[in-house]
Structures are given as structure tokens and as C-alpha cells.
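Taking it in order: structure first as C-alpha cells, then the write-up.
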Amino acid sequence: MSETKEFDKIKSLMSVDNLIFGIGQVSELLGVSTRQLRYWEQQGYIESLESPKGSSRQFNLKNLIKIFHIKHFQNEGYTLQAAVKKGQKIEKQFPILKDFLRNRVEDIIPTEDGGKVDFGFLDDDKTKHIYGVVDKDGYHFKIVKEK
DNA sequence: CTTCTCACA
DNA sequence: TGTGAGCA
33 MSETKEFDKI
43 KSLMSVDNLI
53 FGIGQVSELL
63 GVSTRQLRYW
73 EQQGYIESLE
83 SPKGSSRQFN
93 LKNLIKIFHI
103 KHFQNEGYTL
113 QAAVKKGQKI
123 EKQFPILKDF
133 LRNRVEDIIP
143 TEDGGKVDFG
153 FLDDDKTKHI
163 YGVVDKDGYH
173 FKIVKEK
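For the first sequence, the positions run 33 to 179 when the working numbering is used.
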């Protein structure tokens with residue numbers, strides 16, 4: 033087997049799409065009854081990977097996260113429909129947040145009582161360095177003037 | 001022991 | 001918005 037083929041195999045093994053959970057696992061993991069999961073799927077809120085007809089349902093990570101969110105918002109007191117909508121909103125926000133973090137966060141520096149997030153410079157002259165600070169008092173931004 | 005579907009509230 | 005029964 034060629035090296036690229038080997039690499040593809042490893043990549044495929046590590047791919048989140050290949051993290052599959054059985055309905056029982058999901059139920060135990062997230063505290064949602066197997067019956068609920070089938071019901072939610074029947075209502076079209078989630079979907080399972082059902083290649084072999086009539087065989088047991090399997091869920092990928094995407095749907096595991098969906099289920100997690102629905103359960104979460106139901107616990108907060110939302111109806112099933114509202115919980116699904118809340119989950120969809122989070123799922124739309126998440127890639128944007130990820131993109132922001134990937135492109136704007138330069139570094140994360142742990143400290144004794146928390147840490148600080150380096151957001152880089154505010155200006156092109158690179159004189160105002162902005163940090164997001166997490167410490168025992170909470171969260172705040174700090175602008176450090178360089179030279 | 002698990003998951004499935006169907007009937008029922 | 002789900003559950004219990006009863007089958008495979």
C-alpha cells in the first residue's frame with residue numbers, strides 16, 4: 033500500500049463522519065430514551081444512518097451533537113420544536129465562531145488563576161495589542177500599548 | 001439483552 | 001410528546 037493510501041486510511045479512521053454510535057449508546061450517553069430517538073427521527077428532527085433496511089439505527093457525530101442540543105434545551109424547559117430550533121441556531125453559529133477563533137486568536141496563554149487569549153493587534157501600526165483575560169474576577173479585555 | 005414497530009394516551 | 005407491549 034502506498035503512503036498516500038495509508039494516509040487516506042488513517043484520515044478516514046480519524047474522520048468525525050466515521051464516529052458512529054448505536055442507538056443504545058446514544059441513549060445512555062445523553063440520557064435520551066431509545067424510543068425518543070426513534071420518535072425524533074420519525075418527526076424529521078434527527079436522522080440515522082440506515083443502510084440496511086430494518087437493521088439497528090446508527091448515528092454520526094453530527095447527529096449526536098444535534099441530539100445533545102435538543103436534550104439540553106428540553107432540560108431548560110423548551111418544547112421539542114423550540115429545542116430543535118435552538119439547536120439549529122447554535123449549529124449555525126458554531127462554524128462562524130470556529131472560523132473567527134481560527135483566524136483571530138493568535139495564542140492562548142495560561143496563567144496562575146486563568147489565562148489570556150491573544151487576539152493580536154487592533155491597528156496596522158501594531159501598537160495596540162488586545163488580550164481577552166480570564167482570571168478569578170471574571171472576564172475582560174485588556175489593551176496593551178507596545179512601545 | 002437489544003432493537004424493532006404498532007397501538008395508545 | 002412520548003410510552004409499554006410483544007416480536008425477531
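All C-beta atoms in this analysis are idealised placements derived from N, C-alpha and C, irrespective of residue type, glycine included.
Under 8 Å, do V10 and D150 count as touching if we go by C-beta distance?
This structure leaves residue 10 out entirely; the chain is present only between 33 and 179.
Could you give the first and the last residue of the continuous alpha helix (DSSP H) run that contains V116?
The residue labelled residue 116 in the question sits at position 84 within the first sequence. Residues 112–136.
What is the DSSP secondary structure of I187, counted as helix, strand or coil?
The question about residue 187 has no answer, for the chain in this structure spans 33 to 179.
Just curious, the beta strand (DSSP E) that V58 is in, first and last residue?
Against the first sequence, residue 58 aligns to sequence position 26. In this chain, V58 is not harboured by any beta strand (DSSP E); it is covered by the alpha helix (DSSP H) spanning 55–62.
Sub-8 Å separation of K118 and H101 beta-carbons:
In the first sequence, residue 118 corresponds to position 86, counting from 1. In the first sequence, residue 101 corresponds to position 69, counting from 1. A contact, by the Cβ cut-off of 8 Å.
Please name the residue in S88, L62, L93 whose C-alpha comes closest to that of F105.
Reading the first sequence from its first residue, position 73 is the one you call residue 105. Nearest of S88, L62, L93 to F105, Cα basis: L62.
Cα-Cα separation between L129 and I42, rounded to whole angstroms:
As a first step, residue 129 must be located in the first sequence, where it is residue number 97. As a first step, residue 42 must be located in the first sequence, where it is residue number 10. When rounded, the separation of the alpha-carbon atoms in L129 and I42 is 28 Å.
Beta-carbon separation of K148 and G164 under 8 Å?
The residue you call residue 148 lines up with position 116 of the first sequence. The residue you call residue 164 lines up with position 132 of the first sequence. It is a contact, given that the beta carbons lie within the stated cut-off.
Which value, in whole angstroms, describes the spacing of the CA atoms of K174 and P127?
Against the first sequence, residue 174 aligns to sequence position 142. Against the first sequence, residue 127 aligns to sequence position 95. Spanning the alpha carbons of K174 and P127 requires a straight line of approximately 26 Å.
Can the beta-carbon of L51 be found closer than 8 Å to that of L93?
As a working mapping, residue 51 is identified with position 19 in the first sequence. As a working mapping, residue 93 is identified with position 61 in the first sequence. Closer than 8 Å, so yes.
Measuring straight from C-alpha to C-alpha, what distance separates R89 and I55?
Translated into positions along the first sequence, residue 89 becomes position 57. Translated into positions along the first sequence, residue 55 becomes position 23. C-alpha separation (whole angstroms): 6 Å.
What is the DSSP secondary structure of I78, counted as helix, strand or coil?
In the first sequence, residue 78 corresponds to position 46, counting from 1. Three-state result, I78: coil.
Pull up the distance between the alpha-carbon of F132 and that of M46, whole angstroms please.
For this step, residue 132 is matched to residue 100 along the first sequence. For this step, residue 46 is matched to residue 14 along the first sequence. One C-alpha to the other measures close to 24 Å.
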